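Heads up, the thing below is written out as structure tokens.
There are 2 protein chains.
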Amino acid sequence: MNTHTEENYLKAIYNLSRVKGEANVNELSKQLDIKMPTVNSMMKKLAEKGFIIHESYKPVRLTSKGEKEAALIIRKHRLTEMFLVEKMGFGWDEVHNIAEQIEHVQSPDFFAKMDQLLGYPKIDPHGSPIPDKNGKMEWVEYHKLNECKAGDIVNFKAVTHSSDDFLKFLNSRELLLGTTIKILSIEAFDGTMTIEYNKRKHEILSQLVCERILVAPIKK
Amino acid sequence: MNTHTEENYLKAIYNLSRVKGEANVNELSKQLDIKMPTVNSMMKKLAEKGFIIHESYKPVRLTSKGEKEAALIIRKHRLTEMFLVEKMGFGWDEVHNIAEQIEHVQSPDFFAKMDQLLGYPKIDPHGSPIPDKNGKMEWVEYHKLNECKAGDIVNFKAVTHSSDDFLKFLNSRELLLGTTIKILSIEAFDGTMTIEYNKRKHEILSQLVCERILVAPIKK
DNA sequence: ATATTTTGTTAGAATGTTCTAACTTTATAC
DNA sequence: GTATAAAGTTAGAACATTCTAACAAAATAT
Ligand SMILES: [Mn+2]
Ligand SMILES: [Mn+2]
Ligand SMILES: [Mn+2]
Ligand SMILES: [Mn+2]
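Following this line, the structure appears as structure tokens:
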């Protein structure tokens with residue numbers, strides 16, 4: 001098996017690759033808070049192990065082996081987060097750091113049991129899909145809230161970042177997954193949005209916040 | 001904080017110290033399956049960190065700091081085992097290896113939540129006491145079954161070893177914690193015991209098994 | 001009491017993960 | 001298109017954890 005360390009690199013490559021299909025050393029370095037030369041040498045190791053393709057001075061790409069490996073770690077992470085929220089009573093803002101550690105536990109039985117107790121969930125507490133046992137993940141393509149138009153009515157489906165701070169901010173505004181949001185206006189200058197949901201008639205969100213909120217249009 | 005590795009050493013020292021108040025390098029080496037020179041150099045490190053006292057060619061002893069540190073890891077281990085059995089439906093023979101990993105998770109909240117959900121348990125699924133938040137452990141002094149006499153009636157309180165194999169053996173004999181056992185006879189030659197419990201009237205246990213079973217006399 | 005065995009230590013090396021400093025290649029700006 | 005900046009690489013070192021080989025001390029056996 002792979003080490004804790006290798007698993008964290010694979011996961012970071014996977015996440016950065018989601019958009020462009022590739023990840024570069026500089027971004028990995030920032031994301032993992034590890035200096036570039038260290039990342040560089042780990043890229044060599046992961047390439048030797050067949051998890052990634054790495055040509056000099058080019059971004060790295062996951063092989064199908066690497067992609068599966070990463071997805072299975074993400075599966076363990078997200079099942080854990082779901083378990084912590086649904087079965088242990090943690091808030092969605094409290095589970096990421098714990099899951100970051102438990103995702104490295106080597107015990108298929110442990111995660112199979114979580115999965116079973118949770119009723120084989122498809123999404124985690126942040127709205128992200130949970131890969132299946134083969135590492136296949138179904139990505140529903142949501143829109144970012146900041147790309148919507150004034151007058152749109154949408155449903156809050158997922159967040160793109162799960163830092164404590166951001167989730168606590170949403171908690172403080174009572175803005176939870178599943179909430180129906182009406183966009184009242186958008187400030188052209190800085191992208192600030194005024195929205196309405198539940199009993200809150202004039203809530204204001206900065207563009208930074210809107211970029212991290214994923215929504216689906218309401219079908220009528 | 002300390003590394004995963006240091007924590008495993010501390011735990012091993014604690015367990016070996018239980019009987020004699022000290023642990024020697026050779027036994028640690030066998031227990032951890034790590035060669036003596038490696039253990040020796042780790043002893044220097046742990047001594048520098050103030051967890052143990054180590055004079056050359058003498059057994060090591062935990063300082064009170066080291067003892068507390070070790071007890072708090074054991075607390076996490078045993079709470080985890082209890083959680084796995086009581087809240088997730090694992091058998092007592094399936095939980096040790098998972099707990100061996102989860103005991104290293106750094107999250108006071110996580111273990112506090114387990115503790116709360118379990119109702120602040122005092123013993124783990126193998127009958128061992130769970131240290132409190134200050135690392136204090138109340139050891140009830142049970143007897144080993146092999147030290148009892150023919151005719152004694154005793155209650156099965158704990159096991160001294162929790163390997164899969166041993167626990168599966170007990171499962172196969174339907175011999176669970178809490179069972180009341182009557183000792184029918186003891187073979188003087190090899191210490192084999194014939195015992196009676198529940199519907200089993202003539203069960204035979206080797207001395208090796210009897211040494212690993214802790215019991216309390218029945219009060220009448 | 002001496003020889004043998006067991007236990008403990010030292011020295012030197014290997015592997016894994018990380019760093020800083022120096023250099024090279026690629027991208028961006030003017 | 002050249003200058004500057006950003007991204008990527010190489011080299012060399014540090015620290016943690018482990019090993020084997022050789023040696024030393026303590027315990028045990030005869
Ligand atoms: Mn997460
Ligand atoms: Mn992690
Ligand atoms: Mn255990
Ligand atoms: Mn452990």
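Sequences listed follow chains E and B, in order.
At position 25 of the first sequence (counting the first as 1) the number is 25 in the working numbering, and the numbers step up by one without a gap.
At position 112 of the second sequence (counting the first as 1) the number is 112 in the working numbering, and the numbers step up by one without a gap.
Yeah, the Cβ is synthetic: ideal placement off N, Cα and C, and Gly gets one too.
Just so it is clear, the structure is predicted and the values come from calculations on it, not from any experiment.
Check, Outcome
"Report yes or no: do three or more beta-carbon pairs, one from the stretch 79–87 of chain B and one from the stretch 106–114 of chain B, lie closer than 8 Å?", "yes"
"Taking any Cβ of chain E, which residues in the stretch 100–111 of chain B have a Cβ under 9 Å from it, in chain order?", "101, 102, 104, 105, 106, 107, 109 and 110"
"Taking only beta carbons into account, state which residues of the stretch 59–73 of chain B come closer than 7 Å to chain E, listed in chain order.", "none"
"What does DSSP give as the partner residue(s) for residue 193 of chain E in the beta ladder?", "E:186 and E:205"
"Grab me the residues of residue 74 of chain E's own chain with a C-beta within less than 7 Å of its C-beta, minus the 5 sequence neighbours each way, in chain order.", "11, 14 and 131"
"Can you tell me which residues fall inside 6 Å of ligand 1, judged by beta-carbon distance to its nearest heavy atom, and keep chain order?", "E:77, E:81, E:96, E:99 and E:162"
"Give the residues of chain B in contact with residue 113 of chain E, contact being defined as C-beta atoms less than 8 Å apart.", "88, 89 and 90"
"What are the residues in the stretch 24–54 of chain B lying within 7 Å of chain E by C-beta distance?", "none"
"Can you check which of these residues, E:68, E:9, E:203 and E:165, is closest to residue 40 of chain E by C-alpha distance?", "E:9"
"Please determine whether the Cβ atom of residue 69 of chain B lies at a distance below 6 Å from any heavy atom of ligand 5.", "No copy of ligand 5 occurs in the structure displayed; its ligands are ligand 1, ligand 2, ligand 3 and ligand 4 alone."
"Quick one: list the residues of chain E neighbouring residue 94 of chain B, beta-carbon separation under 8 Å, in chain order.", "109"
"In chain B, which residues lie less than 7 Å from residue 117 of chain E when you measure between Cβ atoms?", "88"
"What does residue 97 of chain B reach in chain E if we use C-beta pairs closer than 9 Å?", "106 and 107"
"Quick test of the definition: if touching needs 3 or more C-beta pairs under 8 Å, does the stretch 156–169 of chain E touch the stretch 116–128 of chain E?", "yes"
"Between residue 179 of chain E and residue 218 of chain E, which are expected to be in contact by the criterion C-beta below 8 Å, what is the C-beta distance as a whole number of angstroms?", "The Cβ separation is near 11 Å, so there is no contact."
"Start and end of the beta strand (DSSP E) containing residue 155 of chain B?", "153–159"
"Tell me the rounded alpha-carbon separation between residue 3 of chain E and residue 97 of chain E.", "18 Å"
"Just to confirm the assignment, what range does the beta strand (DSSP E) spanning residue 216 of chain E have?", "213–217"
"Which of the three DSSP states, helix, strand or coil, is assigned to residue 221 of chain B?", "Given a span of 1 to 220 for chain B in the structure shown, any question on residue 221 of chain B remains unanswerable."
"The alpha helix (DSSP H) with residue 77 of chain E in it runs from where to where?", "64–86"
"Going by DSSP, what residues sit across from residue 144 of chain B in a beta bridge?", "B:214"
"Evaluate the contact criterion for the stretch 41–58 of chain B versus the stretch 201–219 of chain E: three or more CB pairs, one atom per stretch, below 8 Å.", "no"
"Which residues mark the beginning and the end of the alpha helix (DSSP H) in which residue 37 of chain E is found?", "36–48"
"Kindly examine ligand 2 and report whether one of its heavy atoms sits closer than 6 Å to the Cβ of residue 174 of chain E.", "no"
"Name the one or two DSSP bridge partners that residue 61 of chain B has.", "B:53"
"Quick check on residue 78 of chain B: buried or exposed, where buried means 16 or more other Cβ atoms within 10 Å of its Cβ?", "buried"
"Mark residue 124 of chain E as exposed unless 16 or more other C-beta atoms lie within 10 angstroms of its C-beta, in which case mark it buried.", "buried"
"Note the first and the last residue of the continuous alpha helix (DSSP H) segment covering residue 168 of chain E.", "164–172"
"Between E:139, E:146, E:183 and E:187, which has its C-alpha nearest residue 18 of chain E's C-alpha?", "E:139"
"Does ligand 4 have even one heavy atom less than 6 Å from the beta-carbon of residue 103 of chain B?", "yes"
"Does DSSP classify residue 181 of chain E as helix, strand or coil?", "strand"
"Let me make sure I understand the geometry here. Which of B:107, B:193 and B:185 has the alpha-carbon closest to that of residue 205 of chain B?", "B:193"
"Report yes if the CB atom of residue 36 of chain E is closer than 7 Å to the CB atom of residue 60 of chain E, and no otherwise.", "no"
"Hey, quick one: how far does the alpha helix (DSSP H) through residue 29 of chain E stretch, first residue to last?", "25–32"
"Within 10 angstroms of the Cβ of residue 93 of chain E, are there 16 or more other Cβ atoms? Answer buried if so, exposed if not.", "buried"
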